[in-house]
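Numbers in our numbering are just positions in the sequence shown, counted from 1, shifted up by 9.
Built from N, CA and C at the ideal position, the CB exists for glycine as well.
Let me begin by presenting the structure, written as structure tokens, before commenting on it.
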Amino acid sequence: MSMVLQMMAFGIALLSTLFLVIATCTDCWMVNADDSLEVSHKCRGLWRECVTNMQDGVKTCDQYDSILADHPVKIVVTRTLLIAADLLAGLALAILLLGLDCIKFLKEEPHIKLKMCFVALLLLGVLGLIGSVWYAVDVYVERATLVAHNIFLGVHYDFGWSCWLGMASSTGCLVSSVVLTCCLHVRTGQLASSPPSQPKRLQLWPLLLWVGDQRLGQKQL
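This is the structure:
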């Protein structure tokens, strides 16, 4: 049962990492929420802004300036955290893979595997979750500020599917790492509670009987 849970957790971590990369590359972190006529669909991402005409389906995108140009804080922070999370995802998945019981790496050292899973927990989920939540909170605060001051700019934005995908995938990475850590923790407790194996005692009684027979034979002679 423990092996099944570990394989499921690793599969969730693998899919979550893939979705996190997709969320980083896609451009629907913010969507327009106030177009009652539904003439166009506007999306803003970390790299460009796209507008889709709902009548003919034509999509046009406006690429942002250079990565070194001045951008809003939410874009800069989210870019940095998600890129760091994506780069570290490969290393974290390798750590999670080595932490599985079916891998013979450090099989006799479950405590080291436990620490490796904690490292993977921090590497995979935390950076992506912080970046996604930071972006979502900034979008909410911006919208709430405009509504509170009765300011209407023509288009108000809401959370896009890329933002939701980033938060969900980061949460999935955290959950899978916690499951793996719990499995290894249970296994470590079982190994600690099991009594150490006793070495086999040398059976001396046949030797003693043989020595006794030899002495008895010598006395009879």
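Exposure label - residue i; buried when at least 16 CB within 10 Å
| i | result |
| --- | --- |
| residue 176 | buried |
| residue 209 | With a pLDDT of 45 at residue 209, under the threshold of 50, the modelled position of that residue is not reliable, and no figure is offered here. |
| residue 26 | buried |
| residue 211 | Reliability of the predicted coordinates at residue 211 is poor, the pLDDT of 44 falling under 50, and no value is obtained from them. |
| residue 103 | exposed |
| residue 206 | Low confidence applies to residue 206: its pLDDT is 49, below 50, so where it sits in the model is not reliable, and the reading given next is rough at best. With fewer than 16 other Cβ atoms within 10 Å, it is exposed. |
| residue 125 | buried |
| residue 101 | buried |
| residue 54 | buried |
| residue 190 | buried |
| residue 145 | buried |
| residue 98 | buried |
| residue 214 | Interpretation of residue 214 is limited by its pLDDT of 49, a score under 50 that renders its predicted location unreliable; the figure taken from the coordinates is listed afterwards. With fewer than 16 other Cβ atoms within 10 Å, it is exposed. |
| residue 157 | exposed |
| residue 91 | buried |
Rounded Cβ spacing between residue i and residue j (contact assumed at less than 8 angstroms)
| i | j | result |
| --- | --- | --- |
| residue 137 | residue 185 | About 13 angstroms separates the two Cβ atoms, so there is no contact after all. |
| residue 140 | residue 87 | 5 angstroms |
| residue 79 | residue 57 | The pair is not a contact, with the Cβ atoms about 16 angstroms apart (cut-off 8 angstroms). |
| residue 174 | residue 95 | Not confirmed; about 13 angstroms, so no contact. |
| residue 61 | residue 50 | 4 angstroms |
Pair within 8 angstroms by beta-carbon distance, residue i and residue j
| i | j | result |
| --- | --- | --- |
| residue 171 | residue 32 | yes |
| residue 40 | residue 52 | yes |
| residue 106 | residue 19 | yes |
| residue 15 | residue 182 | no |
| residue 166 | residue 142 | no |
| residue 17 | residue 111 | no |
| residue 82 | residue 63 | no |
Per DSSP, the bridge partner or partners of residue i
| i | result |
| --- | --- |
| residue 58 | 53 and 71 |
| residue 168 | 39 |
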